[in-house]
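Written out below as structure tokens is the structure these notes cover.
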Amino acid sequence: MAGTHNKVLPRTARLERWRVRCRLALAGFYGLAGVLHLAVPEPFLGITPSWVPQPEAVIALTGVSEIAGAIGLLVPAVRTYAAVGLALYAVGVFPANIKHAIDALGATSVSPWQWLYHSLRLPLQPILAWLPLFAAGLVWKAGRGKAPPRKLP
């Protein structure tokens, strides 16, 4: 049946396709980030704020959390918990991202790539917090904007 894949899908089906794609992308992103936190913690230790206690343990815990969240997004029974955990994680690491930007951009020689990275990274952090919630279907539900039916007296 040629051309059926080009058929226009209902809004809910299109939205669900984006949620699946987002889950897969986030699982890959957080899975890789988690492995890097565990295998090569030094770069992450360098951006950890000085007020964080036991930074080595915190970096290891973040790696394990990222891997658990990545797997959790793919498991329907725990997807909601994983999404909320990853959203909170994205909010929780924001101080380290700010410190990283301040340190990098305050250096004597700053490359255009560093400016570009930090100029995009900081404003995109709220989106990184929102994406797991979207991927799990916790936000931006199809048909949500419709008014409920009125009951007549």
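The letter at position 131 of the sequence shown is residue 132 when you use my numbering, and the numbering goes up by one with no holes. A virtual CB, placed ideally from N, CA and C, is assigned to each residue, including glycine. Note that the coordinates shown come from a computational prediction; the quantities given were computed from them, not determined experimentally.
Requested in this report: In the DSSP assignment, find the alpha helix (DSSP H) that holds Val111 and state where it starts and stops.
Outcome: For Val111, there is no enclosing alpha helix (DSSP H), as DSSP marks it with neither H nor E.
Requested in this report: Take Pro149 and list the residues in its own chain whose beta-carbon comes closer than 6 angstroms to its own, dropping the five residues that flank it on each side.
Outcome: Its pLDDT being 48, under 50, Pro149 is placed unreliably in this model, and the value from its coordinates should be taken loosely. If you ignore the 5 residues before and after Pro149, its C-beta comes within less than 6 angstroms of no other C-beta in its own chain.
**Report entry** Any alpha helix (DSSP H) of 4 or more consecutive residues that is wholly inside the stretch 53-111
**Finding:** Uninterrupted alpha helix (DSSP H) stretches at least 4 residues long and entirely within the stretch 53-111 occur at 56-75, 80-93 and 95-106, given in chain order.
Query - Secondary structure of Ala137, DSSP reduced to three states - result: Coil, per DSSP.
Query raised in the report: Starting from Thr13 and walking both ways along the alpha helix (DSSP H), at which residues does that stretch end?
Result: Arg12 to Ala40 is the extent of the alpha helix (DSSP H) around Thr13.
Report task. Could you check which residue in Trp141, Thr13, Pro11 and Ala136 has the C-alpha nearest to that of Leu75? Result -> Looking at the Cα atoms, Ala136 is the closest of the given residues.
Report task. With a 10 Å radius around its C-beta and 16 neighbouring C-beta atoms as the bar for buried, classify Glu67 as buried or exposed. Result -> By the 10 Å Cβ count, Glu67 comes out buried.
Query raised in the report: Which word fits Arg24, buried or exposed, when buried means at least 16 other C-beta atoms lie within 10 angstroms of its C-beta?
Result: Around the CB of Arg24, 16 or more other CB atoms lie within 10 Å, so the residue is classed as buried.
Report task. Less than 8 angstroms between the CB atoms is what I'm expecting for Ala61 and Pro44, so what's the real figure, rounded? Result -> Contact between Ala61 and Pro44 does not hold, since the beta-carbon distance rounds to 14 angstroms and is not under 8 angstroms.
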